[in-house]
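Worksheet: the structure to be examined is printed underneath.
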Amino acid sequence: MKAILLNGSPRKNFSTAQLLQQAQLGAEAAGAETELIHLVDYEFTDCRECYACKLKNSKTGGVCAVRDSIQPVLKKIWDADVVIVGSPVYFSYPNGQVISLLNRSLFPIYSYFYKDGKPDMVPHAKKFSGLIYAMNCKEEEMEKFHYPELLGTWGKTMDLVYGYNEVQYCCNTYQYNDYSRYRQNLFDEADKKRQREEVFPQDLKKAYDLGMRLTQMAAEDRKK
Ligand SMILES: Cc1cc2nc3c(=O)[nH]c(=O)nc-3n(C[C@H](O)[C@H](O)[C@H](O)COP(=O)(O)O)c2cc1C
Numbered sequence: 042m043k044a045i046l047l048n049g050s051p052r053k054n055f056s057t058a059q060l061l062q063q064a065q066l067g068a069e070a071a072g073a074e075t076e077l078i079h080l081v082d083y084e085f086t087d088c089r090e091c092y093a094c095k096l097k098n099s100k101t102g103g104v105c106a107v108r109d110s111i112q113p114v115l116k117k118i119w120d121a122d123v124v125i126v127g128s129p130v131y132f133s134y135p136n137g138q139v140i141s142l143l144n145r146s147l148f149p150i151y152s153y154f155y156k157d158g159k160p161d162m163v164p165h166a167k168k169f170s171g172l173i174y175a176m177n178c179k180e181e182e183m184e185k186f187h188y189p190e191l192l193g194t195w196g197k198t199m200d201l202v203y204g205y206n207e208v209q210y211c212c213n214t215y216q217y218n219d220y221s222r223y224r225q226n227l228f229d230e231a232d233k234k235r236q237r238e239e240v241f242p243q244d245l246k247k248a249y250d251l252g253m254r255l256t257q258m259a260a261e262d263r264k265k
């Protein structure tokens, strides 16, 4: 069982990365071989609309045809049983690297040819996927900012393409370690600190459980 974890945050050890590290430990505890990749280490563009993956005789087989530094990562995603993507929320969306990665990894698998009302996917597309978001927004304000639709839509797309997805939202994150250094009055430092100490550990545990659960589900599925 192979699990790949992709960190969209440019910070390799902040909230998104820590959540993914826990998901990685959970996947390992369930028996997966794992790899955590930081997208900031790769220079890549969004989909270039070459449509090589949509040709009638396409040989791309689930991996984007564009040969740039992210292509080996896309190949690893294709070979994985479990795919967990972590993204910071930037202006109400996953950040740019994550959107580009999702377009580059999902579009080659997604089929424009529909059979019985469903896209006729490349064989072996099925993966157990997770999407973890880290954001400033408080849980109780998610609806007000339409985050379940704006962010959840990517979970629905992963579900459509891979056949399974779970989304985890980690709210009210600690954005920097020392709030006193920054010119801001939007966030209450004491509340942020309380959240970091009391709620973030629960988010980490949820991420651990997610990694474990997805790996267990993939293992069960592969037995069929
Ligand atoms: C460019 C930028 C835009 C952001 N926009 C939002 C936003 O729209 N909503 C939100 O809840 N948080 C927003 N944030 C906060 C980040 O989502 C939050 O700090 C997140 O935890 C960062 O993840 P990291 O700590 O793993 O890097 C923004 C941060 C940056 C840098």
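Mapping the sequence shown onto this note's numbering, position 61 (from 1) lands on 102, and the numbers just tick up by one.
All C-beta atoms in this analysis are idealised placements derived from N, C-alpha and C, irrespective of residue type, glycine included.
| Query | Result |
| --- | --- |
| Considering only their Cβ atoms, is the gap separating N136 from G49 smaller than 8 Å? | yes |
| Given that a residue counts as buried once 16 or more other Cβ atoms are within 10 Å of its Cβ, and exposed if not, what is A70? | exposed |
| Apart from the five residues on each side of it in sequence, which residues of its chain come closer than 6 Å, Cβ to Cβ, to L255? | V123, F169, G171 |
| Under 8 Å, with one C-beta from each stretch per pair, do the segment 140-155 and the segment 86-95 reach the 3-pair mark? | yes |
| Give the DSSP-derived three-state secondary structure of C91 in the structure shown. | coil |
| L66: which of I45, P51, D82 sits nearest, CA to CA? | I45 |
| Count the other CB atoms within 10 Å of the CB of Y92; is the residue buried (16 or more) or exposed (fewer)? | exposed |
| Rounded to a whole number of angstroms, what is the C-alpha to C-alpha distance between Y215 and P242? | 12 Å |
| Where does the unbroken alpha helix (DSSP H) through Y188 begin, and where does it stop? | 188-203 |
| How big is the Cα-Cα spacing for I173 and K97? | 35 Å |
| Looking at M42 and ligand 1, is the gap between the Cβ and the nearest heavy atom below 7 Å? | no |
| So Y266 and L191 are in contact, right, with Cβ under 8 Å, and what is the actual spacing, rounded? | Not covered by the structure: residue 266. The range shown for the chain is 42 to 265. |
| To which residues does DSSP link L147 through a beta bridge? | Partner(s): none; L147 has no beta bridge. |
| What number of angstroms, rounded off, separates the C-alpha of D250 from the C-alpha of A64? | 7 Å |
| Which one or two residues does DSSP pair with V123 in a beta bridge? | A44, F169 |
| With a 10 Å radius around its C-beta and 16 neighbouring C-beta atoms as the bar for buried, classify G158 as buried or exposed. | exposed |
| Between the beta-carbon of D120 and the beta-carbon of K185, is there less than 8 Å? | no |
| Measuring from the CB of Q236, is there a heavy atom of ligand 1 at a distance below 7 Å? | no |
| Quick check on DSSP: helix, strand or coil for L77? | strand |
| If we ignore side chains and look at the alpha-carbon of each, how far apart do A58 and K116 end up? | 22 Å |
| Going by the C-beta, is T57 closer than 7 Å to any heavy atom of ligand 1? | yes |
| Does the beta-carbon of R145, which I'm using as the reference point, lie nearer than 7 Å to any heavy atom of ligand 1? | no |
| Which whole-angstrom value describes the C-beta separation of G103 and I150, a residue pair presumed to lie in contact below a C-beta threshold of 8 Å? | 5 Å |
| Just curious, the beta strand (DSSP E) that Y26 is in, first and last residue? | Outside the displayed range of the chain (42 to 265) lies residue 26, so it cannot be described from this structure. |
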